[in-house]
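This report concerns only the one structure given below.
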Amino acid sequence: MTSKTSSWTDISGACPLLERLAAPEHRRNSGGYIGFHMPGHRGGHDFPPELRDSLSALDITEISASDDLNAPGPALRAAARLAAEAWQTERSYFITTGSSTAIKVMLALAPGPGGRLFCPRSVHQSVIHAAALLNIRPVFLPDDLNLKTITALLSARHDEAGRSAFLITSPDYYGRAVDLRGIASLAEQKRIPLLIDAAHGAHFNFAPDLAPPPATASGADLIVHSLHKTLPALTPASLLHVAANSAFTADFDDEKIYHYLRLFQTSSPSLMVAASMDYARYYVSNHGAADVARVHAELLELNRSLRDYGYIPEGPLPRSSYPSDPPERDPIRLVLDCSDLGGGFATAHYLESRGIYCELAEPRRIVFLPSLGQPAADFHALGKALRDYAEQFRRGGSRDIPYLSRRDIDEIDQIYVSMRKTPADCDGHAEPRLMLNHAAATALPLAQAVNCRLVTPLIIRPPGLAYRWPGEHINADELPTLAELRRFFVQIDGITSGSARVLL
Numbered sequence: 000m001t002s003k004t005s006s007w008t009d010i011s012g013a014c015p016l017l018e019r020l021a022a023p024e025h026r027r028n029s030g031g032y033i034g035f036h037m038p039g040h041r042g043g044h045d046f047p048p049e050l051r052d053s054l055s056a057l058d059i060t061e062i063s064a065s066d067d068l069n070a071p072g073p074a075l076r077a078a079a080r081l082a083a084e085a086w087q088t089e090r091s092y093f094i095t096t097g098s099s100t101a102i103k104v105m106l107a108l109a110p111g112p113g114g115r116l117f118c119p120r121s122v123h124q125s126v127i128h129a130a131a132l133l134n135i136r137p138v139f140l141p142d143d144l145n146l147k148t149i150t151a152l153l154s155a156r157h158d159e160a161g162r163s164a165f166l167i168t169s170p171d172y173y174g175r176a177v178d179l180r181g182i183a184s185l186a187e188q189k190r191i192p193l194l195i196d197a198a199h200g201a202h203f204n205f206a207p208d209l210a211p212p213p214a215t216a217s218g219a220d221l222i223v224h225s226l227h228k229t230l231p232a233l234t235p236a237s238l239l240h241v242a243a244n245s246a247f248t249a250d251f252d253d254e255k256i257y258h259y260l261r262l263f264q265t266s267s268p269s270l271m272v273a274a275s276m277d278y279a280r281y282y283v284s285n286h287g288a289a290d291v292a293r294v295h296a297e298l299l300e301l302n303r304s305l306r307d308y309g310y311i312p313e314g315p316l317p318r319s320s321y322p323s324d325p326p327e328r329d330p331i332r333l334v335l336d337c338s339d340l341g342g343g344f345a346t347a348h349y350l351e352s353r354g355i356y357c358e359l360a361e362p363r364r365i366v367f368l369p370s371l372g373q374p375a376a377d378f379h380a381l382g383k384a385l386r387d388y389a390e391q392f393r394r395g396g397s398r399d400i401p402y403l404s405r406r407d408i409d410e411i412d413q414i415y416v417s418m419r420k421t422p423a424d425c426d427g428h429a430e431p432r433l434m435l436n437h438a439a440a441t442a443l444p445l446a447q448a449v450n451c452r453l454v455t456p457l458i459i460r461p462p463g464l465a466y467r468w469p470g471e472h473i474n475a476d477e478l479p480t481l482a483e484l485r486r487f488f489v490q491i492d493g494i495t496s497g498s499a500r501v502l503l
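Residue numbers (numbering that gives the first Met the number 0): 0 to 503.
Below you can see the structure in the form of structure tokens.
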């Protein structure tokens with residue numbers, strides 16, 4: 000008896016997630032949907048038809064006819080060598096369980112279990128998770144990475160036991176890049192490895208005239224790239240790079256890296272995702288420079304078309320904005336300040352009614368992340384929708400749209416700014432490993448949890464920043480602030496039904 004494959008009619012109403020994702024209004028490859036968000040393959044449109052049509056056939060296990068990501072054979076090693084050549088690194092490693100896995104491996108290498116990590120508070124929450132698993136103690140740097148302050152901080156900590164590492168995020172979610180030269184020089188001087196979470200910057204290497212200097216060429220030792228964010232690769236494609244000319248290359252050898260990869264990633268990593276990474280490397284090496292330049296030009300023209308409509312463009316900026324220094328912004332990430340137009344949430348709400356989806360909306364801003372293959376018609380449609388929204392807002396708006404006042408937006412902004420600084424009474428208290436004590440923690444209403452050590456971090460989304468790390472506490476005078484954030488449609492991970500998990 001032969002097995003029968005169910006038809007789409009048979010499963011209708013029986014597979015809720017499948018049906019939601021397959022609905023035309025939720026699919027980037029349908030005619031009524033325009034997406035300016037990851038993944039960068041644009042619903043498969045930016046794959047060659049042969050790859051797009053054979054993806055399911057590439058989902059194969061580790062057999063003699065394929066390869067093994069945890070013990071690479073000739074094909075994977077050749078693909079990794081080509082990636083290292085493309086990104087100009089000593090070695091590059093395919094990771095198909097995301098940059099969160101790559102960050103765990105990176106922190107296991109440096110500073111290593113029990114070490115210290117010098118980093119801004121605004122690092123991605125995967126850094127907190129890795130620090131919890133590896134018993135790494137964070138030491139927070141000023142968010143502006145002021146070298147004088149950092150040098151003083153290092154001097155004050157020089158006699159503490161344990162290995163150390165720096166970790167910097169560049170670029171961030173808004174496309175802002177850090178000039179890494181100063182901190183790289185300091186790290187080299189102090190013999191401390193420099194780690195870069197460059198998840199959003201995999202394309203920088205291939206647009207040297209428009210993009211900020213890539214992390215792989217800025218004095219870093221270990222770098223993480225998420226290929227699916229800006230390149231045609233499947234989610235969650237990631238590369239871990241050992242930089243060329245790193246003073247610590249011998250400490251980051253193949254055997255050690257694969258040991259940690261087997262520890263942190265699944266025993267069944269996806270060869271299908273890895274194959275898409277191989278294609279993304281080929282694509283960006285051959286077409287990246289031209290496509291970055293084309294998308295950059297489209298975004299500059301879109302910004303010009305919005306000049307009189309109340310939006311304040313924060314990026315990308317024309318090359319002439321950086322006459323002598325390297326660019327400081329991602330050339331293909333559109334960031335608009337909508338504070339005079341009801342805010343980012345309201346703008347995104349309107350755009351979705353027109354079938355246009357952004358990467359990120361928050362109280363003040365809206366962020367668009369085009370794919371490198373995004374057609375000109377999509378930019379024109381976005382520009383028209385943004386102009387139509389501004390005109391509707393000026394006419395009095397719509398009762399169906401959740402507008403915020405300028406006063407509310409400015410108030411939230413002050414909260415966001417304060418989140419990047421460690422409160423004086425929390426300095427040195429962050430202890431990520433407390434996350435492993437979930438069973439010993441007690442869920443208390445926020446008013447009763449005041450001054451208790453948090454077990455779960457409080458993450459503000461958007462944009463995904465830690466308001467408090469595990470081990471830190473909240474004060475009574477912050478309760479109104481947290482209530483305000485929730486009133487303004489901001490989600491706070493770590494607070495469930497008004498309670499947080501703490502140690503008594």
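Every residue gets a Cβ at the ideal spot worked out from N, C-alpha and C, and that includes glycine. Being a predicted model, the structure only gives us computed values, none of them experimental.
State the beta-bridge partners of residue i as determined by DSSP.
{"i": "Pro-119", "result": "Leu-140"}
{"i": "Leu-464", "result": "Ile-459"}
{"i": "Gly-314", "result": "Val-334"}
{"i": "Thr-215", "result": "Looking at the DSSP assignment, Thr-215 forms no beta bridge with any residue, so it has no partner."}
{"i": "Val-366", "result": "Val-334 and Leu-359"}
Cβ-heavy atom distance between residue i and the ligand PLP below 7 Å?
{"i": "Leu-299", "result": "By its list of ligands, the structure shown contains no ligand whatsoever, and the ligand PLP lies outside what it can speak to."}
How many Å lie between residue i and residue j at the Cα?
{"i": "Ile-127", "j": "Gly-114", "result": "14 Å"}
{"i": "Thr-421", "j": "Ala-201", "result": "30 Å"}
{"i": "Arg-486", "j": "Thr-495", "result": "15 Å"}
{"i": "Val-122", "j": "Ala-296", "result": "31 Å"}
{"i": "Ala-64", "j": "Gly-354", "result": "43 Å"}
{"i": "Arg-51", "j": "Asn-69", "result": "25 Å"}
{"i": "Tyr-505", "j": "Lys-103", "result": "Since the first residue shown for the chain is 0 and the last is 503, residue 505 is missing from the structure and cannot be characterised."}
{"i": "Thr-8", "j": "Leu-20", "result": "16 Å"}
{"i": "Val-574", "j": "Ala-155", "result": "Examination of residue 574 is not possible in this model, given that the chain is present from 0 through 503 alone."}
{"i": "Arg-406", "j": "Met-434", "result": "36 Å"}
{"i": "Met-0", "j": "Ser-6", "result": "Because Met-0 carries a pLDDT of 49, less than 50, the predicted location of this residue cannot be relied on, and no value is offered for it."}
{"i": "Ala-448", "j": "Glu-477", "result": "12 Å"}
{"i": "Ile-191", "j": "Phe-165", "result": "7 Å"}
{"i": "Leu-305", "j": "Gly-39", "result": "25 Å"}
{"i": "Ile-515", "j": "Gly-463", "result": "With the chain covering only 0 through 503, there is no way to say anything about residue 515."}
{"i": "Pro-71", "j": "Asp-253", "result": "11 Å"}
{"i": "Tyr-92", "j": "Phe-117", "result": "24 Å"}
{"i": "Glu-483", "j": "Asp-220", "result": "41 Å"}
{"i": "Leu-502", "j": "Asp-45", "result": "49 Å"}
{"i": "Ser-404", "j": "Gln-391", "result": "16 Å"}
{"i": "Ala-130", "j": "Ile-400", "result": "40 Å"}
{"i": "Gly-427", "j": "Phe-205", "result": "40 Å"}
{"i": "Leu-75", "j": "Ser-99", "result": "21 Å"}
{"i": "Ala-13", "j": "Thr-229", "result": "34 Å"}
{"i": "Leu-81", "j": "Leu-381", "result": "36 Å"}
{"i": "Leu-340", "j": "Tyr-308", "result": "9 Å"}
{"i": "Ala-389", "j": "Phe-35", "result": "19 Å"}
Take residue i as the anchor and find which of the options has the nearest alpha-carbon.
{"i": "Leu-108", "options": "Leu-194, Leu-54 and Pro-330", "result": "Leu-194"}
{"i": "Ala-197", "options": "Gln-188, Lys-189, Arg-190 and Ala-210", "result": "Ala-210"}
{"i": "Leu-212", "options": "Glu-297, Ala-151, Pro-330 and Leu-153", "result": "The sequence shown places Pro at residue 212, not Leu. Closest option to Pro-212, Cα to Cα, is Pro-330."}
{"i": "His-286", "options": "Pro-231, Cys-451 and Thr-441", "result": "Pro-231"}
{"i": "Glu-300", "options": "Ile-59, Gln-413 and His-379", "result": "His-379"}
{"i": "Pro-112", "options": "Phe-488, Tyr-259, Gly-470 and Gly-497", "result": "Tyr-259"}
{"i": "Ala-376", "options": "Ile-182, Leu-443, Tyr-32 and Glu-471", "result": "Tyr-32"}
{"i": "Gly-493", "options": "Ala-77, Gln-124, Arg-120 and Met-37", "result": "Gln-124"}
{"i": "Glu-89", "options": "Gly-218, Val-272, Ser-269 and Ala-274", "result": "Gly-218"}
{"i": "Gln-490", "options": "Ile-411, Ala-243 and Ser-284", "result": "Ile-411"}
{"i": "Leu-152", "options": "Ala-186, Ala-85, Pro-207 and Tyr-349", "result": "Ala-186"}
{"i": "Asp-424", "options": "Asn-450, Asp-387 and Ala-249", "result": "Asn-450"}
{"i": "Thr-265", "options": "Ala-101, Tyr-349 and Glu-351", "result": "Ala-101"}
Considering just the uninterrupted stretch of the alpha helix (DSSP H) at residue i, what are its terminal residues?
{"i": "Asp-424", "result": "No alpha helix (DSSP H) contains Asp-424, which DSSP labels as neither H nor E."}
{"i": "Thr-346", "result": "343–352"}
{"i": "Arg-261", "result": "253–263"}
{"i": "His-240", "result": "Per DSSP, His-240 belongs to no alpha helix (DSSP H); it is in the beta strand (DSSP E), 237–242."}
{"i": "Glu-410", "result": "405–418"}
{"i": "Pro-15", "result": "15–21"}
{"i": "Arg-180", "result": "180–189"}
{"i": "Thr-148", "result": "146–155"}
I'd like the span of the beta strand (DSSP E) that includes residue i, first residue to last.
{"i": "Thr-168", "result": "163–168"}
{"i": "His-224", "result": "221–225"}
{"i": "Ser-498", "result": "498–502"}
{"i": "Leu-481", "result": "Unbroken run through Leu-481 is the alpha helix (DSSP H), 478–486; no beta strand (DSSP E)."}
{"i": "Tyr-402", "result": "First-last for Tyr-402: undefined, no H or E at that position."}
Would you say the region 310–318 touches the region 166–180, given that touching needs at least three Cβ pairs under 8 Å?
-> yes
Do the region 399–418 and the region 448–458 make contact, defined as three or more Cβ pairs closer than 8 Å?
-> no
Any contact of the region 367–378 with the region 332–340, i.e. 3+ C-beta pairs under 8 Å?
-> yes
Given 8 Å, three or more beta-carbon pairs between the region 56–63 and the region 225–245 | no
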